[in-house]
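What follows is one structure encoded as structure tokens, with my remarks underneath.
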Amino acid sequence: MSSFTLAASNPVDHVINHPFIISESGWWLWSSAQTNMVITALILVFAGLFVGKAIRTGEESQGHLRWITRSRFAHTVEVICGYLREQTVRPLLHDRTDRFMPFLWTIFFFILINNLLGLVPLLDFQNLVAGQLAPEMIAQHKAFVGGTATQSIYVTGALSLIAGLMINWSGLRELGVAGYLKHLTAGAPIFVWPIIIPIEILGTFIKPVALAIRLFANMTAGHILVAVLLGFAAGGFEKLGFIGLPVGIISSAAVVAIYFLELFVAFLQAFVFMFLTTVFISLLAHHDDHETAHDLAEVGIA
Amino acid sequence: MKRLTLMIVLALALFALSPMTSASLAAPDTTTATDSSGDYPGGKSDKKSSVIEKPKQGILPGLTAIVLFLIVFGILKVKVWPMVSSGLDERNEKIVGEIAAAEDARKQAKDALNEYEKNLADARAQAQQMLEDTKATQIELAAQLKSRAEAELNEMREKAKAEINAAKKQAIDELYSESVNLATVMAGKILQREVSVQDEQRLMEESLAELKTVNS
Numbered sequence: 000m001s002s003f004t005l006a007a008s009n010p011v012d013h014v015i016n017h018p019f020i021i022s023e024s025g026w027w028l029w030s031s032a033q034t035n036m037v038i039t040a041l042i043l044v045f046a047g048l049f050v051g052k053a054i055r056t057g058e059e060s061q062g063h064l065r066w067i068t069r070s071r072f073a074h075t076v077e078v079i080c081g082y083l084r085e086q087t088v089r090p091l092l093h094d095r096t097d098r099f100m101p102f103l104w105t106i107f108f109f110i111l112i113n114n115l116l117g118l119v120p121l122l123d124f125q126n127l128v129a130g131q132l133a134p135e136m137i138a139q140h141k142a143f144v145g146g147t148a149t150q151s152i153y154v155t156g157a158l159s160l161i162a163g164l165m166i167n168w169s170g171l172r173e174l175g176v177a178g179y180l181k182h183l184t185a186g187a188p189i190f191v192w193p194i195i196i197p198i199e200i201l202g203t204f205i206k207p208v209a210l211a212i213r214l215f216a217n218m219t220a221g222h223i224l225v226a227v228l229l230g231f232a233a234g235g236f237e238k239l240g241f242i243g244l245p246v247g248i249i250s251s252a253a254v255v256a257i258y259f260l261e262l263f264v265a266f267l268q269a270f271v272f273m274f275l276t277t278v279f280i281s282l283l284a285h286h287d288d289h290e291t292a293h294d295l296a297e298v299g300i301a
Numbered sequence: 037m038k039r040l041t042l043m044i045v046l047a048l049a050l051f052a053l054s055p056m057t058s059a060s061l062a063a064p065d066t067t068t069a070t071d072s073s074g075d076y077p078g079g080k081s082d083k084k085s086s087v088i089e090k091p092k093q094g095i096l097p098g099l100t101a102i103v104l105f106l107i108v109f110g111i112l113k114v115k116v117w118p119m120v121s122s123g124l125d126e127r128n129e130k131i132v133g134e135i136a137a138a139e140d141a142r143k144q145a146k147d148a149l150n151e152y153e154k155n156l157a158d159a160r161a162q163a164q165q166m167l168e169d170t171k172a173t174q175i176e177l178a179a180q181l182k183s184r185a186e187a188e189l190n191e192m193r194e195k196a197k198a199e200i201n202a203a204k205k206q207a208i209d210e211l212y213s214e215s216v217n218l219a220t221v222m223a224g225k226i227l228q229r230e231v232s233v234q235d236e237q238r239l240m241e242e243s244l245a246e247l248k249t250v251n252s
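Quick look at the structure:
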């Protein structure tokens, strides 16, 4: 019966944000996505402190062992950090790399942990518990935790806003106000300026908007796909009897496969967000098109 | 592998159980509770089921994202990333330094080996040269010794010859002198009596015997 109800329910329900506290005027004061982000923040801070202590060079009294990272998990994070810094950012930002790495690492891991938390069925755990303790919470579509924070266009928009401010602030700092404004002309002849300048100004806003939509769309689509396949798995047998059994089995296997794909997408989208932010930062700098093309070729995107 | 299988089974079990609650989430109008969320974007009450929240639903989560991100960024920037950066840098410097030192050591070892091989080759050449010099010296010395020995031998031989000749001459002289003496004695004896043939024969034999005695 439960599988039947799942099959009948809207798969979008399993993906979107759920309110927990709603004001009189209908504002969502607290929602599951916010709790997810708090959990992400706590994970980042505590795991970050653990990883940082494990990665840093030990005391001299430890001898040669002081150079060894003291945890497998920290070693994994170290490899990721090292790859992002040396293989992704440094070819684009050169001597500005160390200045931007804290921001880029933070945005990468913030998005990554949020994406990964979205793959943990926290909402379902919570509903199992709430079904027993507070059934009215479920009835009112309320949830304290669960879902994917980076599925919300407002959350991805907020992160993109920060990224956009960082991109343009770094451009202003690097080029100066005059240089920044000159950059809006894209080096084109004056008679093309009426076309180029509006396009460049629009581009300034489109870049972060594209970042936001890309992350939102990827997270939403993947999770809806998982929900739909689970709906098939649950409903196949219930609705079609033995004929539906293969549908259920195939759908279940597909869900497992899609989950692995989602795991990959979680990393990929965090990387893409960070990487494109880096590219946009690098584009607002003193160098000619040839250098830019060379830098982009070095990281394999041109 | 066992862990992975267990995780998959648990995940599937969870999803098999969760519809109970998820379904009620999706179908609030079948319950008696009032739907305080009103325009909940995904519920059955909202037939359009939008995945994009309305501003009243999304703005505060968005602001929360900004605030949390900035807090996390601040903490990580001060407490964590310096440790990670320094760890990466120091490890990188250590590895690069060790590789450079190893390359230097290898270069030094190679130079030392080349030097050693060069010295060895020089030593071998020197030894060969010394051997050849020694051989030449030896041959020369041998020739010198031989010639000297031959000269000495010749000298000794000449000396011996001279001594022999001298002795021979002396002996002959002595022989002559003795012969004279004998002849004188014989003559004296002859003069003292008549010498018969037998006496002459006997005297001759005696003289010869005496001469032999003197010579011996």
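For the record, the sequence lines run as chains A and B.
The numbering of the first sequence is the numbering used here, which starts it at 0 and goes up by one.
The numbering of the second sequence is the numbering used here, which starts it at 37 and goes up by one.
No residue lacks a Cβ here, since even glycine has one placed at the ideal position from N, Cα and C.
- The criterion of a C-beta distance shorter than 8 Å is not satisfied by A142/A and H13/A.
- Residues of the segment 92 to 108 of chain B with a C-beta atom less than 8 Å from some C-beta of chain A are K92, Q93, G94, I95, L96, P97, G98, L99, T100, A101, I102, L104, F105, L106, I107 and V108, listed in chain order.
- Here T155/A is near L214/A, since their CB atoms are less than 8 Å apart.
- Annotation: the continuous alpha helix (DSSP H) that includes P90/A extends over R89 to L92.
- Taking all protein chains shown into account, F72/A has fewer than 16 neighbouring C-beta atoms within 10 Å of its C-beta and is therefore exposed.
- In the DSSP annotation of this structure, the continuous segment of the beta strand (DSSP E) that includes S30/A starts and ends at W27 to S30.
- Annotated three-state conformation of P197/A is helix, per DSSP.
- Residue state for I205/A is assigned as helix, using DSSP reduced to three classes.
- Around Q33/A, the beta-carbon contacts reaching into chain B at under 7 Å are P97 and T100.
- About 4 Å separates the beta carbon of S159/A from that of L210/A, a gap short enough to meet the 8 Å contact definition.
- Secondary structure of I67/A (DSSP, three-state): coil.
- Taking 8 Å as the CB threshold, M100/A lines the interface with chain B.
- Between G133/B and chain A, the shortest Cβ-Cβ separation is not below 8 Å.
- Using beta-carbon distances, V154/A counts as an interface residue toward chain B, with a partner under 8 Å.
- For P134/A, the enclosing alpha helix (DSSP H) starts and ends at P134 to A138.
- It is roughly 48 Å from the alpha-carbon of N155/B to the alpha-carbon of R55/A.
- Exclusion of the five residues before and after G247/A leaves A232, G235 and F236 as the residues of its chain whose Cβ lies within less than 6 Å of its Cβ.
- Judged by beta-carbon spacing, E199/A lies beyond the 8 Å limit of V225/A, meaning their Cβ atoms are not closer than that value.
- The C-beta of D97/A comes closer than 8 Å to at least one C-beta of chain B.
- For P97/B, the enclosing alpha helix (DSSP H) starts and ends at P91 to I111.
- In terms of beta-carbon proximity, G146/A stays away from the interface with chain B, with every pair separated by 8 Å or more.
- T219: these are the residues of the segment 187 to 221 of chain A whose beta carbon lies less than 7 Å from some beta carbon of chain B, given in chain order.
- By the criterion of at least three beta-carbon pairs nearer than 8 Å, the segment 93 to 113 of chain A is not in contact with the segment 141 to 155 of chain B.
- Membership of F259/A in the alpha helix (DSSP H) is indicated by the continuous run G243 to L282.
- Pairing V278/A with A129/A, the inter-Cα distance amounts to about 45 Å.
- Residues of the segment 147 to 165 of chain B that bring their beta carbon within less than 7 Å of a beta carbon in chain A are absent altogether.
- Contact between the segment 119 to 126 of chain B and the segment 33 to 40 of chain A is absent, with fewer than three C-beta pairs closer than 8 Å.
- Between the alpha carbons of H63/A and G186/A lies a gap of roughly 54 Å.
- In the structure shown, I88/B falls within a coil segment according to DSSP collapsed to helix, strand and coil.
- Annotated three-state conformation of F72/A is helix, per DSSP.
- Counting C-beta pairs closer than 8 Å gives three or more between the segment 92 to 103 of chain A and the segment 265 to 278 of chain A, which meets the contact rule.
- Minimum Cα-Cα distance from V76/A among the listed residues G47/A, N126/A, L121/A and S60/A corresponds to G47/A.
- For a cut-off of 8 Å, the C-beta gap from T105/A to F109/B is around 5 Å, short enough to register as a contact.
- Interface with chain B (8 Å Cβ-Cβ cutoff): P245/A is excluded.
- About 11 Å separates the Cβ atoms of G163/A and L283/A, ruling out a contact at the 8 Å cut-off.
- The segment 83 to 103 of chain B makes contact with the segment 21 to 30 of chain A, as at least three CB pairs between them are under 8 Å.
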